[in-house]
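What follows is a set of notes on a single structure, which appears directly below.
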Amino acid sequence: MKNLKITYCDPLSLMLCSLYRDGGEIRVASCKFEGGKCKGPSDAKAHMRHNDISPYRRAVASKKNKHIDPSRSKYNFSILGLSYEQCAAKYDDRIAYLDSHGNTNKRKDRVTMQIIEIPVPADLPREQYRPWFIRVFELLRDKYGEENTIDMAVHYDEEHEYRDPETKEKHWSRVHGHHMIIPAVDGKLNGKSISLRKNMKALNREVEQMTQAEFGCAFMTGKKTKSIKTVEELKQESEYAELFYQLEQQKKELDDFNDKLRSQQVALEKKFEDIRAREEQAARLQEQAA
């Protein structure tokens, strides 16, 4: 890919899963828009700081996100290699340009940046992660405009094992990227247009087609589970499921321990009865001998 500065990373055996809410259904492994709307510069830059790949900022972010492992932050990379400061300046310049060139959306609650979270396909070979993220970046850059594209940060340091609340089975999450864009359409901020359901589904189809054509695997799994819950609620349910599973395991261990104690008690009582019977027999023999 021309004119792109790549910060190299050696991929680890890490995976990160992303959920995309689609009209009451949760699609596994697709572009996630939920939670990515940034209203104003403070919100946008807070997300930039959190997603920044520098070890220092990842260490700070790990204090609020227990799934971030700072020892693995060195494997993160960004497509354009921009620092937080460079991303923030790029954002400020673009918003200032739009506001001075015909943008009529001046509401206080306007969406000034959209973050799209994108996980790697489940069947993608590890050595193809970086080329795949580069192609996804190119696709989104061409779709939303280079002038509106900030950067994409790819995180390898958030892989973690989690428990499915329904099946109670354990899974590994997947490596994912955060693509940051200014939601401008025809020179005007229009966050709703970017996040319309049909437009989100269209983006998923485009990534799916590219992935199948160029990498020979599927991006979207096709699996759906009915839900009206947010991703944060699902994460919380997963944590509750893990806690419940651990408590059940501890209860089982206690039950097994109690069973062993009862067995030992029965054995000791039998030995006590045997000893008492022998003592009584010895006493009778002594009486007869006297």
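Numbered according to this note's numbering, the sequence shown spans residues 20 to 309. From the three backbone atoms N, C-alpha and C, an ideal C-beta is built for every residue, glycine too.
Going by the beta-carbon positions, is the gap between residue i and residue j smaller than 7 Å?
i	j	result
I134	C50	no
S214	F52	yes
P140	T230	yes
A203	N167	yes
H174	H198	no
M132	C106	no
F312	E227	Nothing can be reported for residue 312: it is not among the residues displayed for the chain, which extend from 20 to 309.
A232	I72	no
H179	H86	yes
R77	S61	no
G121	G206	yes
A63	Y110	yes
D208	R149	The sequence given here has Leu at residue 208, not Asp. Not in contact: L208 and R149 (Cβ atoms no closer than 7 Å).
C236	D142	yes
N95	D183	no
Taking residue i as part of the beta strand (DSSP E), name the residues at either end of that continuous run.
i	result
D170	T168 to H174
R182	E180 to R182
I'd like the span of the alpha helix (DSSP H) that includes residue i, first residue to last.
i	result
I153	Y148 to Y163
P74	P74 to A80
Give me whichever residues DSSP pairs with residue i in a beta bridge.
i	result
E136	K51 and H197
H190	Y181
K56	Q133
Can you give the Cα-Cα distance for residue i and residue j, rounded to whole angstroms?
i	j	result
E298	T186	59 Å
L159	S192	23 Å
I201	E188	39 Å
I169	K270	51 Å
G100	T123	32 Å
R126	I114	13 Å
D161	K217	18 Å
L287	A308	31 Å
Y181	R281	36 Å
A301	R295	10 Å
I137	F276	47 Å
D112	N84	30 Å
R224	F156	15 Å
S81	T240	30 Å
E165	H190	36 Å
E272	A65	45 Å
V79	P144	31 Å
F152	Y75	24 Å
E292	D274	27 Å
K289	K279	15 Å
S119	A221	31 Å
Is residue i close to the ligand FAD? I mean its beta-carbon at under 6 Å from any heavy atom of the ligand.
i	result
A232	Ligands in the displayed structure: none, and consequently the ligand FAD is not present.
Notebook entry, point to check: In chain order, which continuous runs of the alpha helix (DSSP H) of length 4 or greater are located wholly inside the stretch 91-129?
Noted result: With a minimum length of 4 residues, the continuous alpha helix (DSSP H) runs that stay inside the stretch 91-129 are 103-119.
Whole runs of the alpha helix (DSSP H) within the stretch 202-232, excluding any shorter than 4 residues: If one requires a minimum length of 4 residues, the alpha helix (DSSP H) runs lying completely within the stretch 202-232 are 210-213, in chain order.
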